[in-house]
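Take a look at the structure set out below.
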Amino acid sequence: MSYECIIAEVRGDGERKTGLITLNRPKQLNALNDQLMDEMGQALLAFDADDSIGCIVLTGSERAFAAGADIPTMAPHTFISAFKSGLISKNWETILLIRKPVIAAVAGFALGGGCELAMMCDFIIAADTAKFGQPEIKLGIIPGAGGTQRLPRAVGKSRAMDMLLTARMMDAAEASTAGLVSRVVPAEKLMEEALTAAETINGFSGPSVMLIKELVNLAYQGPLKDGVAVERRYFHALFGTDDQREGMDAFINKRKPGFTQS
Ligand code: HXC
Numbered sequence: 030m031s032y033e034c035i036i037a038e039v040r041g042d043g044e045r046k047t048g049l050i051t052l053n054r055p056k057q058l059n060a061l062n063d064q065l066m067d068e069m070g071q072a073l074l075a076f077d078a079d080d081s082i083g084c085i086v087l088t089g090s091e092r093a094f095a096a097g098a099d100i101p102t103m104a105p106h107t108f109i110s111a112f113k114s115g116l117i118s119k120n121w122e123t124i125l126l127i128r129k130p131v132i133a134a135v136a137g138f139a140l141g142g143g144c145e146l147a148m149m150c151d152f153i154i155a156a157d158t159a160k161f162g163q164p165e166i167k168l169g170i171i172p173g174a175g176g177t178q179r180l181p182r183a184v185g186k187s188r189a190m191d192m193l194l195t196a197r198m199m200d201a202a203e204a205s206t207a208g209l210v211s212r213v214v215p216a217e218k219l220m221e222e223a224l225t226a227a228e229t230i231n232g233f234s235g236p237s238v239m240l241i242k243e244l245v246n247l248a249y250q251g252p253l254k255d256g257v258a259v260e261r262r263y264f265h266a267l268f269g270t271d272d273q274r275e276g277m278d279a280f281i282n283k284r285k286p287g288f289t290q291s
């Protein structure tokens, strides 16, 4: 299968191998558009169905894991168009259906939807260059793929509120202290570290691996679904505001936004 916005490859020479998915829109810092999410969904499902694959690694470029959902694509939406289309590909949540472990290998920016996508993976290995953030508030919107729900679970309420309300980024060291990432390694060692972790997992019993994943998620999620559903509805609603127009127009035209709280 050939893709335009991702690269999907098989790595390793053991009995069970690793599916490696690389987000590949480098000019847009891997901004997540529907095509990319659809391709990623297809690649994830194909690796999940392939008995020779034990584990999946999801990564971006040296500069960005992903700088968020694609802003120019989102900018023209109204509340009604966002609500009717579901705004964001249904494949945004395909990753949550995958029964094999998905490791995020994050270098550079993981912002907005990029941070949300990393948090949907089973664990995150970060390069020392990684920067995590939920800067949606700067665009006059809020996270729309679980950021307000998963970030507090990952780093605690106070730090999550701080990041979501001030839009500040967290570096790799802070992300490690906060528990958002499981390991931090020098950038040049990121892929080696992630692929070695995947190979270790590939060496274990597939059913044990899949059951551990299922049970840890059960422990972690609680009523998350309700929170994410409510979050999505408000995410859509914000496309009815002037501040969304202003925030996205300012980003696209490279100027400072002037919000009117309307
Ligand atoms: C589309 C983006 C983009 C994005 C960056 N680019 N982020 N394009 N969508 N989210 C593009 C820029 O327009 C620019 O294109 C190129 O990538 C390089 O970015 P620069 O800004 O020139 O780089 P730099 O100065 O290094 O700043 C990097 C950055 C900044 C800090 C990551 O680009 C930034 O703040 N990006 C937006 C981050 C963000 O707000 N993410 C949340 C989006 S909302 P050109 O053509 O000018 O070279 C979201 C909602 C999720 O994610 C909802 C889930 C459903």
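Counted the way this note's numbering counts, the sequence shown spans residues 30 to 291.
Beta carbons are placed, not taken as given, at the ideal position from N, Cα and C, and that holds for glycine.
Under DSSP, the alpha helix (DSSP H) around residue i begins and ends at which residues?
{"i": "L193", "result": "K186 to T195"}
{"i": "K242", "result": "G235 to Q250"}
{"i": "G48", "result": "No alpha helix (DSSP H) contains G48, which is instead part of the beta strand (DSSP E) from K46 to L52."}
Can you tell me whether DSSP reads residue i as helix, strand or coil?
{"i": "F264", "result": "helix"}
{"i": "E38", "result": "strand"}
{"i": "R182", "result": "helix"}
{"i": "A201", "result": "helix"}
{"i": "R284", "result": "coil"}
{"i": "A174", "result": "coil"}
{"i": "L58", "result": "coil"}
{"i": "L140", "result": "strand"}
{"i": "E290", "result": "Sequence inspection shows Gln at residue 290; the Glu mentioned does not correspond to that position. Of the three classes helix, strand and coil, the one that applies to Q290 here is coil, per DSSP."}
{"i": "T225", "result": "helix"}
{"i": "E145", "result": "helix"}
{"i": "G208", "result": "coil"}
{"i": "E33", "result": "coil"}
Going by DSSP, what residue range makes up the beta strand (DSSP E) through residue i?
{"i": "A155", "result": "F152 to A156"}
{"i": "F161", "result": "K160 to G162"}
{"i": "V214", "result": "R212 to V214"}
Pull up the CB-CB distance for residue i and residue j, whole angstroms please, since I reckon it's below 8 Å.
{"i": "T47", "j": "I100", "result": "At roughly 32 Å, the Cβ-Cβ gap does not stay under 8 Å, so T47 and I100 are not in contact."}
{"i": "G142", "j": "A196", "result": "Incorrect: roughly 14 Å between the Cβ atoms, too far for contact."}
{"i": "L219", "j": "I154", "result": "7 Å"}
{"i": "M149", "j": "G175", "result": "7 Å"}
{"i": "E228", "j": "G43", "result": "6 Å"}
{"i": "T88", "j": "A134", "result": "4 Å"}
{"i": "R315", "j": "G169", "result": "Since the first residue of the chain shown is 30 and the last is 291, residue 315 is not available in this structure."}
{"i": "A201", "j": "V210", "result": "7 Å"}
Flag this pair as touching only if the region 184 to 194 and the region 117 to 131 have three or more C-beta atom pairs under 8 Å; answer yes or no.
no
3-residue-minimum beta strand (DSSP E) runs that sit fully inside the region 75 to 137, ordered along the chain:
82 to 88, 93 to 95 and 131 to 135
Inter-stretch contact (C-beta, 8 Å, three-pair minimum) for the region 225 to 236 and the region 87 to 95:
no
Stretch-stretch touch, CB-based, cutoff 8 Å, three pairs: the region 252 to 262 with the region 75 to 85
no
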